[in-house]
Every structure is written in structure tokens, then in C-alpha cells.
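Read the structure below first, then the notes.
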Ligand code: PGA
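In my numbering, the protein residues as written are 1192 to 1490.
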């Protein structure tokens, strides 16, 4: 009997299993039952003629053959994307899905840009994922979204990037904090404060550590909060100081609930970047959104 044919669905499933490192999570993502997923992978293995997964210490791992099939799955995915991009270009209509991932600190301005964009192009179906820098890098390496908004260009991945908006990081405190009256606060003085920090994996945390460590100063976190909103509330409650993007504290600054400390080396001037894998063909929707972002107070 001839080998069964390989299907696109099987390749998509393989990618989902590897991304989640789990058959059951992949089944959930693809709206299938777990036995259905196992069956699909079994027939993919029959078509290939070799196992794609092996179990080591109860962990599933791709075999060498599995890795080659996964690479092929990714390149098939890229070709299909390219085909769609070409077809979109022919029809010229800005219609279809727009799947954007943004780092936590960018969630304060991106939705309003998206809102404006949807007024112009109501047939676009948006999807916004908010995550920290570390998770974003993983998603980028696996090509999970159409466009990625972050505060740093990843060095470890082949990407194209477009800067579009200034990202200013400030040291902030409650307006009642004694340091609010001081100027030129040194970093060593600042490091003695109770620092409220984001989780490991946050780009803001990394940038903060970098400036302190460039002067051989270590910031000892007083409290780690996995969310910018929680940090803002803790700052307002005078629990400590924090480094935050000015975009995330616009309202609190306007209403005088949070104050900026005048520390040496701050503010940090960075940029927001729209990023995508170099080899990716952008759909007309993504390209139009990218150009729209560039109209926003560019560098
Ligand atoms: P974060 O990223 O929200 O993970 O801190 C910010 C950034 O990339 O600058």
C-alpha cells in the first residue's frame, strides 16, 4: 500500500505540539481532541516512514527526523503566507486578520493606534497579544504573530525592524517621596531605595539593570511584581520607586499621582520598534498597519 499523503493540517499540528511542548495543548489550540491529534501525527509518521517524537525522561522530544519535518513545516507556512500576501496585493483590499504581539509596556498606547487604524480599515480583524520581552522573543522565533512591538531589536534573531515612537524610561515615586525635592540624585543613592521591579524577562527590567551595572551598581529588588499596573499602584502607595516607560504613566503624571525623580542617567531614551522575521512576507493588512505606525511621531 502506498504511503499516506502528508497534509497541511499535520504540519500545523506538528508545529503546535512543538510550540506548546504538549499534545493536549496543541489539541486545544487546533480545536481537536487529543486522540485525533495522536492519530494525525501517527499518519504523518507513517507518511515519513520514521518516528517524529521520542520520549526521554517522560518528556516528548523531536527526533532528528522530526526536526527536519518541522523545518519543512515552517518553510511551507512561509510559502503559503507569501502566496496570500501576493494574492492580497492583487486584490489591493485591506481586509483580513492582523495579529500583533506587544510587550507589556506598549499596551498603554498600541490599542489606541489600533482603534484609529480600524476606523480607517473596518474590515480588518484585530488580535492583540500582550506579553513580556522574553516570551515575545520566543513567539518571534516561532513566527507566531504578524508583527511584534517591542523596545529592543533582538540580536539573536534575523529580523527587520522599524523604529516609530520614542520610549522614555523614567524613575518614578509617589509625590510624597522625599527624593522628589532633590536634583541630580546619583544612581548609588537611588539604589538604596526600595525598588519595585518587573518580572525576570521584562525588557524594562533588563534596561534598568543595564544602566546600573554599567556603573558597577547592583539594584536589589525590594518587591517583584509581574505587571506594570501593579507597580504603578505600589508606587502610588509609596511602597517604593520604579523605572517605568513614560507611556505607561501618562494619566498618573497628568493627575499628579506619580512623580518623576531627577536621577543622573535618567530618563533613558529608547524607541519602540515594529519587528518581524526577515524572511517573512507581510500581508497587505500588516504592511498597511506598519506604514500607519510610521506616521506616529516617528524618530
Ligand atoms: P517589557 O518590555 O514590557 O517586557 O518590560 C519593554 C521593552 O521591550 O522595552
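Backbone N, C-alpha and C define an ideal beta-carbon position, used for all residues, glycine too.
Would you mind giving the Cβ-Cβ distance between residue 1427 and residue 1448, rounded to the nearest angstrom? I have them listed as a contact below 8 angstroms. 5 angstroms
Supposed close pair residue 1454, residue 1362 - CB separation, criterion 8 angstroms: 5 angstroms
Closest to residue 1384 by CA distance: which of 1412, 1201 and 1259 is it? 1412
Can you tell me which of the three DSSP states residue 1466 falls into? strand
Around the Cβ of residue 1314, are there at least 16 other Cβ atoms within 10 angstroms (buried) or fewer (exposed)? exposed
Considering only C-alpha positions, which residue in the set 1366, 1421, 1373 and 1420 is nearest to residue 1446? 1366
So who's on the other strand from residue 1361, going by DSSP bridges? 1435
Could you tell me the alpha carbon to alpha carbon distance between residue 1370 and residue 1433, rounded to whole angstroms? 13 angstroms
Is residue 1295 near ligand 1, in the sense that its beta carbon is under 8 angstroms from a heavy atom of that ligand? yes
Expressed to the nearest angstrom, what Euclidean distance is found between the alpha-carbon atoms of residue 1305 and residue 1438? 16 angstroms
Indicate, with yes or no, if ligand 1 has a heavy atom lying under 8 angstroms from the CB of residue 1428. no
I'd like to confirm something about residue 1465: is its beta-carbon nearer than 8 angstroms to some heavy atom of ligand 1, or not? no
Among 1275, 1440, 1224 and 1211, nearest to residue 1493 - alpha-carbon criterion: Missing from the structure shown is residue 1493; the chain here goes from 1192 to 1490 and no further.
Backbone CA spacing between residue 1203 and residue 1368 [nearest angstrom]: 54 angstroms
Taking 8 angstroms as the cut-off, does the CB of residue 1353 come closer than this to any heavy atom belonging to ligand 1? no
So, under 8 angstroms CB-CB, residue 1430 and residue 1387 are touching, yes? Tell me the CB distance rounded to an integer number of Å. 6 angstroms
Please find out if some non-hydrogen atom of ligand 1 comes closer than 8 angstroms to the beta-carbon of residue 1437. no
Relative to the C-alpha of residue 1298, which residue among 1247, 1339 and 1198 is closest? 1339
Nearest-angstrom Cα separation, counted from residue 1353 out to residue 1270: 23 angstroms
Given a cut-off of 9 angstroms, decide if residue 1459 and residue 1348 are closer than it, judged by their beta-carbon atoms. no
Give the DSSP-derived three-state secondary structure of residue 1312 in the structure shown. coil
Identify, in the order they occur along the chain, each residue of the same chain with its Cβ nearer than 6 angstroms to the Cβ of residue 1286, setting aside the five sequence neighbours on each side. 1314
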